[in-house]
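Encoded as structure tokens, the structure appears first; notes follow it.
Residue numbers (the working numbering): 5 to 202.
Encoded structure:
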């Protein structure tokens with residue numbers, strides 16, 4: 005299966021593949037909450053960058069020119085991932101298109117990241133300054149990114165470390181808030197290891 009992509013003038017790096025991302029066990033008849041058919045999420049990628057940044061193999065590709073000189077034809081690669089909708093954010097950073105520090109701003113609220121690298125202070129700040137619903141949203145998003153990074157085999161250690169730290173902080177802030185709301189004595193925080201990625 006292949007797809008035609010129109011080339012934009014002035015480009016220097018053209019895609020070699022298009023990923024067709026879907027959740028495991030989904031098929032052409034999968035529907036969303038509104039009853040509309042869910043289509044795979046299509047993401048163009050460059051094979052050289054992909055191989056440098058992930059451990060997920062791709063089939064060989066030789067993009068060819070389409071009928072007009074402004075179109076190339078590249079293969080579509082079906083790939084099952086835990087959460088397709090969060091893959092664009094992950095790939096933006098994992099492919100080196102944006103700096104890792106910018107990823108941190110997507111994973112936790114700015115006031116919480118302001119406490120970095122003190123993980124305990126991050127947990128306390130998040131638990132105190134954000135309600136349960138907000139914390140839950142961060143827990144879910146960071147868990148999805150973590151599972152996707154594992155599935156794709158992202159090789160950039162600082163990105164993996166930032167996702168793991170953010171997930172742990174959000175989960176522990178959620179636990180701390182639950183204990184506080186239940187009237188239980190809040191136990192001391194277990195240590196969160198902050199890996200420099202080196």
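Backbone N, C-alpha and C fix where the C-beta goes; we use that ideal spot for every residue, glycine too.
From a predicted model like this one, the values you see are computed outputs, not experimental measurements.
Which residues DSSP lists as bridging residue i, in chain order
{"i": "residue 6", "result": "79"}
{"i": "residue 26", "result": "84"}
{"i": "residue 47", "result": "23"}
{"i": "residue 158", "result": "58"}
Alpha-carbon to alpha-carbon, residue j and residue i
{"i": "residue 136", "j": "residue 123", "result": "19 Å"}
{"i": "residue 113", "j": "residue 26", "result": "29 Å"}
{"i": "residue 176", "j": "residue 28", "result": "28 Å"}
{"i": "residue 202", "j": "residue 105", "result": "Here the model assigns residue 202 a pLDDT of 49, short of 50, so the residue's position is not dependable and the matter cannot be decided."}
{"i": "residue 9", "j": "residue 44", "result": "17 Å"}
{"i": "residue 21", "j": "residue 78", "result": "5 Å"}
{"i": "residue 99", "j": "residue 166", "result": "15 Å"}
{"i": "residue 46", "j": "residue 131", "result": "37 Å"}
{"i": "residue 129", "j": "residue 152", "result": "27 Å"}
{"i": "residue 84", "j": "residue 146", "result": "18 Å"}
{"i": "residue 57", "j": "residue 133", "result": "36 Å"}
{"i": "residue 121", "j": "residue 94", "result": "21 Å"}
{"i": "residue 2", "j": "residue 82", "result": "In this structure the chain extends from 5 to 202, so residue 2 is not present and cannot be described."}
{"i": "residue 107", "j": "residue 170", "result": "10 Å"}
{"i": "residue 24", "j": "residue 80", "result": "6 Å"}
{"i": "residue 127", "j": "residue 38", "result": "37 Å"}
{"i": "residue 183", "j": "residue 160", "result": "35 Å"}
{"i": "residue 186", "j": "residue 154", "result": "34 Å"}
{"i": "residue 119", "j": "residue 144", "result": "21 Å"}
Among the options, nearest to residue i - alpha-carbon criterion
{"i": "residue 51", "options": "109, 107 and 60", "result": "60"}
{"i": "residue 139", "options": "97, 180, 65 and 165", "result": "180"}
{"i": "residue 158", "options": "6, 24, 38 and 54", "result": "54"}
{"i": "residue 142", "options": "161, 118 and 174", "result": "174"}
{"i": "residue 74", "options": "185, 146 and 18", "result": "18"}
{"i": "residue 88", "options": "101, 148 and 65", "result": "148"}
{"i": "residue 76", "options": "163, 92, 7 and 96", "result": "7"}
{"i": "residue 49", "options": "42, 63 and 38", "result": "63"}
{"i": "residue 162", "options": "102, 38 and 91", "result": "102"}
{"i": "residue 86", "options": "119, 168, 156 and 164", "result": "156"}
The alpha helix (DSSP H) enclosing residue i, as first and last residue numbers
{"i": "residue 118", "result": "First-last for residue 118: undefined, no H or E at that position."}
{"i": "residue 124", "result": "123-133"}
Report task. Please list the segments of the alpha helix (DSSP H) lying wholly inside the segment 51-113, counting only runs of 4 or more residues, in order along the chain. Result -> 51-57, 91-98 and 104-111
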